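J.: Going down the list, the sequences are from chains A and B. Reminder that position 69 of the first sequence reads as 70 in the working numbering, one-by-one numbering, no gaps. Reminder that position 97 of the second sequence reads as 131 in the working numbering, one-by-one numbering, no gaps. We put the beta carbon where it would ideally sit given N, CA and C, even for glycine. Note that the structure is a prediction, hence the values are computed from the model and not measured. Right, I'll just put the structure down here and ask away after.
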Amino acid sequence: EAGVAQSPRYKIIEKRQSVAFWCNPISGHATLYWYQQILGQGPKLLIQFQNNGVVDDSQLPKDRFSAERLKGVDSTLKIQPAKLEDSAVYLCASSLEVFSGNTIYFGEGSWLTVV
Amino acid sequence: DQQVKQNSPSLSVQEGRISILNCDYTNSMFDYFLWYKKYPAEGPTFLISISSIKDKNEDGRFTVFLNKSAKHLSLHIVPSQPGDSAVYFCAASPAGTALIFGKGTTLSVSS
């Protein structure tokens with residue numbers, strides 16, 4: 002079974018530039034998550050989708066971050082304009098359904114450095 | 035306000051001995067608790083979980099203990115192996131919501 006795919010793996014941009022990350026979840030997984038992991042911290046949820054609808058985006062900085070999940074499969078996370086504090090690993094994860102004890106599977110992450 | 039706390043940033047253990055990683059939480063509504071392991075440059079991988087209606091779950095060398103009255107859980111690895119060296123994240127969730135993670139504990143197992 003293919004895992005959660007993410008791209009690009011690494012990205013370096015200057016502050017105020019924009020960047021987009023792509024995620025393809027495990028086939029058949031209805032729930033998709035984007036987490037941000039800053040160095041030395043645990044992953045923090047940015048947004049959760051159920052199919053193509055947003056379940057929770059309360060911690061997404063909406064003035065600069067946006068995410069979409071068209072057709073309930075792939076998802077894109079965009080940052081515009083980027084700030085230095087956005088340097089982090091952006092982890093995409095998926096699960097069969099809204100979490101109720103079932104496992105959440107993570108991709109390898111997209112590493113962002115803002116200079 | 036951290037709802038899931040891992041107060042030990044690092045732990046060093048000798049091969050063959052027991053590793054005990056600890057986690058405290060503040061939200062009594064959490065239904066599920068999970069442990070994830072993360073190697074450098076990789077995403078977290080699921081290790082073991084426990085429901086709030088249980089106090090112990092075992093899977094091979096890994097055992098998770100839950101003490102609801104103390105709002106504390108621990109992960110025991112016996113015997114520890116060098117390949118267990120990684121960052122371990124404790125995570126928790128009320129059913130229907132996404133996982134909330136601790137800051138992680140870096141385990142180093144020396145041979």
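So, for residue 39(A): in the same chain, excluding its five sequence neighbours on each side, which residues have a beta-carbon less than 7 Å away from its beta-carbon?
T.: Cβ within range, chain order: 89.
J.: Closest to residue 64(B) by C-alpha separation, out of 49(B), 74(B), 38(B), would be which residue?
T.: Residue 64(B) has its Cα closest to that of 38(B), out of 49(B), 74(B), 38(B).
J.: Any Cβ of chain B within less than 8 Å of the Cβ of residue 114(A)?
T.: It does not; no Cβ of chain B falls within 8 Å.
J.: Whose Cβ in chain C lies nearer than 8 Å to the Cβ of residue 78(B)?
T.: The structure shown contains no chain C; the protein chains it does contain are A and B.
J.: Taking only runs that begin and end inside the stretch 77–126 of chain B, name each unbroken beta strand (DSSP E) of 3 or more residues, in chain order.
T.: Here the runs fully enclosed are 79–85, 90–93, 96–101, 106–111.
J.: Give the secondary structure of residue 33(A) by DSSP, where H, G and I count as helix, E and B as strand, and everything else as coil.
T.: Strand.
J.: From this set, 50(B), 36(B), 42(B), which residue's C-alpha is nearest residue 113(B)'s C-alpha?
T.: Per the Cα distances, 50(B).
J.: Let's test the definition: count the other Cβ atoms within 10 Å of the Cβ of residue 49(A) and tell me whether it reaches 16, buried, or not, exposed.
T.: Label assigned to residue 49(A): buried.
J.: Assuming residue 64(A) and residue 24(A) are in contact, meaning their beta carbons sit under 8 Å apart, how far apart are those beta carbons, in whole angstroms?
T.: That pair is no contact at about 22 Å.
J.: For residue 132(B), decide whether its Cβ has a neighbour in chain A, counting only Cβ atoms nearer than 8 Å.
T.: Output row for residue 132(B): interface = yes.
J.: Sorry if obvious, but does the Cβ on residue 64(A) come closer than 7 Å to a heavy atom of the ligand NAP?
T.: Ligands displayed in this structure: none; no statement on the ligand NAP is therefore possible.
J.: Counting C-beta neighbours from all protein chains within 10 Å, is the total for residue 93(B) 16 or more, i.e. buried, or is it exposed?
T.: Its Cβ having fewer than 16 others within 10 Å, residue 93(B) is exposed.
J.: Using a Cβ cut-off of 7 Å, pull out every chain B residue sitting near residue 99(A), in sequence order please.
T.: Within chain B, the residues near residue 99(A) are 130.
J.: Run through DSSP, which three-state label would residue 73(A) get?
T.: Helix, per DSSP.
J.: For residue 10(A) versus residue 82(A), is the C-beta spacing smaller than 8 Å?
T.: Their beta carbons are not under 8 Å apart, which means residue 10(A) does not touch residue 82(A) by this criterion.
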